[in-house]
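The block underneath contains the structure these notes are about, expressed in C-alpha cells.
In the working numbering, the protein residues as written are 18 to 419.
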C-alpha cells in the first residue's frame with residue numbers, strides 16, 4: 018500500500034486535458050510505472066505527490082484506484098504530519114529522463130495540505146537519528162545546470178527545506194558542506210545554522226527546530242580518551258618508562274597516548290607502547306581511570322592506566338626498548354624501586370600523586386582479584402558489533418546467569 022503517489026507536475030500537465038480533466042491513461046500509466054520503479058530502486062518508503070492543485074482532486078477522486086494505489090483514510094494524521102506508517106525519505110536529485118520527485122505534506126484528509134515544496138524550492142534531505150533530517154551537499158559541479166546547491170538559490174532552498182522539516186515535526190536539521198563549497202556556510206548562517214564540528218574537508222552545521230524547547234544537540238567530542246601502560250619485566254623487576262622530547266613534567270613517565278577514533282582501549286595501549294618503545298605486549302587489565310577537564314582544545318580527558326605484559330623475543334629474552342624517533346628522547350627498563358622512589362618523592366617537581374596510588378594497586382599482586390577486567394559482550398542494538406565491557410572482578414562463586 019502506498020500513501021501518496023509521486024508524479025512529475027509537468028508530466029501530469031501533459032497527461033490531463035482541460036475538458037473534464039480527462040486522462041491520457043497510456044501516458045499516465047507510463048509515468049506512474051517509472052515512478053514506482055525508481056521508488057524500488059532507491060529504497061524509499063513513501064511516495065508523495067506534486068501534481069497541480071486543481072488536477073489533484075480529479076485525479077485522487079476518480080483515478081487513484083486505476084493502479085491500485087490508495088491513500089488510507091483511516092490512519093489519520095501522524096506525528097510527523099504525513100499520512101503514512103513510515104518516516105519520509107526524500108530522494109536525491111532526479112536522473113535525466115525520469116519523473117521529478119518532490120515532497121508534499123498531507124494533512125490526513127482527502128485533500129493534501131495547501132503547503133507544498135517541490136524540487137524547485139527545497140534541497141534533498143534524508144532521515145537522520147534522533148528525529149532529525151540531514152542535507153548532504155555534494156562537491157562543486159561546475160557547469161551542471163541541475164545542481165541543487167547552486168549558490169544563487171541555496172539560501173531560499175535551505176529556508177524552504179527548514180520549513181518542510183518543521184512541518185514534519187522534526188527536532189533538528191543538519192547540513193554537511195564540503196570545503197569546496199565553503200561559501201554556502203555563510204548562506205546557512207543567515208538561516209540560523211551554527212557550526213557543530215568539522216572533520217577533514219567536511220563542515221557539519223545544525224539548526225534546532227523546536228523553538229519552544231531548549232536545544233538538546235550535544236556538544237561535539239566532549240572528551241578525549243588517553244591510555245598509559247604499566248609494563249613490568251617480572252624476571253628483572255623493572256618497569257618500562259619513557260622520556261619525551263618535550264613537555265616532560267617528571268624525569269620518567271609510563272608510555273601512552275591518545276586512542277584513535279574507533280580504537281578499543283586494549284588496542285590503543287598496545288599500539289602506543291609499541292610505537293614509543295618498540296616493545297610488544299599483551300593486554301591484562303585496567304588499573305584505574307583519571308578524569309580531568311580543560312585539557313587540549315578545552316576538552317575533558319579520560320586517562321586509562323592499564324596493566325600490560327611484555328612479550329619476549331624469539332630467543333626468550335626481553336628486548337631493549339627503542340625510543341620513537343621525533344617523539345621520545347629516551348626509553349628504558351627502569352628498576353621498580355627507582356620508579357617507586359621517584360613517584361613517592363616529597364619534591365613537588367618529582368613526585369606523582371596519581372602514580373603513587375597506581376603503584377599501590379600494582380604491589381597488591383597480579384591483579385586477577387583486584388584489577389578492572391575486560392570481556393566482550395554482544396550489543397542489544399541491532400546491527401551494532403560486539404564491544405568490550407570493563408568491570409570489577411567477578412567472584413568465582415557468583416551465579417553466571419545473574
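A virtual CB, placed ideally from N, CA and C, is assigned to each residue, including glycine. Here the structure is a predicted model, which is why all the values come from computation and not from measurement.
Excluding sequence positions up to five before and after residue 175, its CB lies within less than 7 Å of the CB of 140, 204, 205 and 208, all in the same chain and listed in chain order. Taking 7 Å as the cut-off, the beta carbon of residue 148 is found no closer than this to the beta carbon of residue 191. With a beta-carbon spacing of about 5 Å, residue 193 and residue 153 fall inside the 8 Å limit used to define contacts. Rounded to the nearest whole angstrom, the C-alpha separation of residue 138 and residue 184 is 15 Å. Residue 291: member of the alpha helix (DSSP H) spanning 282-294, first to last residue.
Of all alpha-carbon atoms in 216, 182, 269 and 197, the one lying nearest the alpha-carbon of residue 366 is that of 269. In the three-state reduction of the DSSP assignment, residue 210 falls in the coil class, being assigned neither a helical nor a strand state. When secondary structure is reduced to three states using DSSP, residue 316 falls in the coil class, being assigned neither helix nor strand. With a contact defined as Cβ atoms closer than 8 Å, residue 267 and residue 371 miss out at about 11 Å. Judged by beta-carbon spacing, residue 394 lies within the 7 Å limit of residue 406, meaning their Cβ atoms are closer than that value. Its Cα nearest to that of residue 386, the residue 304 stands out among 317, 304, 311 and 291. Residue 220 counts as buried, since no fewer than 16 other beta carbons sit within 10 angstroms of its beta carbon.
Excluding residues up to 5 positions away in sequence, 402, 403 and 404 lie with their Cβ nearer than 8 Å to the Cβ of residue 396 in the same chain. Residue 200 carries a helical assignment under DSSP once its states are collapsed to helix, strand and coil. Between residue 144 and residue 287, the alpha-carbon positions lie close to 39 Å from each other. Using a C-beta cut-off of 8 Å, the segment 314-323 makes contact with the segment 274-291, since at least three inter-stretch Cβ pairs fall below that distance. In this structure, DSSP gives residue 170 a helical state, which the three-state scheme calls helix. Each residue's CA atom was taken as its position, placing residue 252 and residue 327 some 11 Å apart. For residue 257, the closest C-alpha among the options 162, 388 and 335 is that of 335. With contacts defined as CB atoms closer than 7 Å, residue 297 and residue 291 qualify as a contacting pair. In the displayed model, residue 177 falls within a helix according to three-state DSSP. Assignment of residue 223 by DSSP, reduced to helix, strand and coil, places it in the strand class. DSSP, read as helix, strand or coil, puts residue 353 in helix.
According to the DSSP assignment, residue 370 belongs to the alpha helix (DSSP H) that extends over 370-379. Residue state for residue 250 is assigned as strand, using DSSP reduced to three classes. Selection 261, 263, 241 and 294 evaluated against residue 276 yields 241 as nearest (Cα-Cα).
Residue pairing of residue 190 in beta bridges, as defined by DSSP: 150 and 224. Under the three-state reduction of DSSP output, residue 145 falls in the strand class. Residue burial annotation: residue 210 is buried, with at least 16 other C-beta atoms found within 10 angstroms of its C-beta. Residue 197 and residue 156 have their C-alpha atoms roughly 6 Å apart.
Between the alpha carbons of residue 151 and residue 213 lies a distance of about 13 Å.
Within 10 angstroms of the beta-carbon of residue 302 lie 16 or more other beta-carbons, which makes it buried. Secondary structure at residue 241: strand, using DSSP grouped into helix, strand and coil. With a minimum length of 3 residues, the unbroken runs of beta strand (DSSP E) contained wholly in the segment 386-416 fall at 390-394 and 404-408.
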